[in-house]
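**Q** What follows is a structure written as structure tokens; I'll ask about it next.
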Amino acid sequence: MIDKPFLLLIALLYVFLLFAVAWRADQHKQWLQRFRPLVYSLALAVYCSSWTFFGAVGQAVTNLWSYLPIYLGPMLLFLFGSGFLHKLTLVGERQKVTSIADFIGSRYGKSQKLSALVTLLAIAGSLPYIALQLRAVTMAWNTVGAW
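Going by my numbering, the sequence shown opens with residue 932, and the numbers climb by one from there.
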């Protein structure tokens, strides 16, 4: 069994590593291009940790068949939708957009009202994920504080 202080040290080192990679990537764009797989893997690990712990496992316990599309959809997209993703990236670069709101607004005549609506919908749609992250931080803090 791992000692609790050692586990806390590992968790803090991991958080430090995430911040260090993000800072380095922000400061040096060439570094980001070279180490893109590392940056992507760390970002995906943060997403997957909270989602898997609080969302997917609970979903699998309550309803097994609704658990399948959580991972099947993205896998099918990456396996069979690479052409679509490539075209989407090219259009985004050509239109010089950086967010989904900018992208949709640019497709409909650079409409600022449509972009604002998409932004509001994206915020509303991401609130459950933000709540999961806050819940994860709270539970981790309570676990560490209980030591």
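Each residue gets a CB set at the ideal place from its N, CA and C atoms; glycine is no exception.
By how many angstroms is the C-alpha of Leu938 removed from the C-alpha of Gln1043?
**A** So the alpha carbons of these two residues sit roughly 48 Å apart.
**Q** What's the gap between the Cα of Gly1023 and the Cα of Pro936?
**A** If you take the alpha carbons of Gly1023 and Pro936, they lie about 46 Å apart.
**Q** Where Leu1051 and Asp934 are concerned, what is the direct C-alpha to C-alpha distance, given to the nearest angstrom?
**A** Taking the straight line joining both Cα atoms gives about 45 Å.
**Q** How should Leu1071 be labelled, buried or exposed, when 16 other C-beta atoms within 10 angstroms of its C-beta is the threshold for buried?
**A** Looking at the sequence provided, one finds Ala at residue 1071 rather than Leu. Burial call: exposed.
**Q** Which word fits Gly1036, buried or exposed, when buried means at least 16 other C-beta atoms lie within 10 angstroms of its C-beta?
**A** Result: buried.
**Q** Any idea if Ala951 is buried or exposed, counting beta-carbon neighbours within 10 angstroms, 16 or more meaning buried?
**A** Classification for Ala951: exposed.
**Q** Quick one: grab the DSSP three-state call for Phe966.
**A** Three-state result, Phe966: coil.
**Q** CB Val1049 to CB Ile1061, shorter than 9 Å?
**A** In this structure, Ile1061 does not lie closer than 9 Å to Val1049 by Cβ.
**Q** Does the separation of the CB atoms of Leu1010 and Leu1016 fall below 9 Å?
**A** For Leu1010 and Leu1016, no; Cβs fall outside 9 Å.
**Q** Taking buried to mean at least 16 other C-beta atoms within 10 Å of its own C-beta, is Ser1046 buried or exposed?
**A** Buried, because 16 or more other Cβ atoms sit within 10 Å of the Cβ of Ser1046.
**Q** Determine the direct distance from the alpha carbon of Pro1005 to that of Gly1012, and round the result to whole angstroms.
**A** When rounded, the distance between both Cα atoms is 10 Å.
**Q** Among the residues of its own chain, which have a CB less than 6 Å from the CB of Asn1073, if the five just before and after it don't count?
**A** Excluding residues within five positions, none has a Cβ falling inside 6 Å.
**Q** Express the C-alpha separation of Arg967 and Leu943 in angstroms, rounding to a whole number.
**A** Distance between the alpha carbons of Leu943 and Arg967 is about 23 Å.
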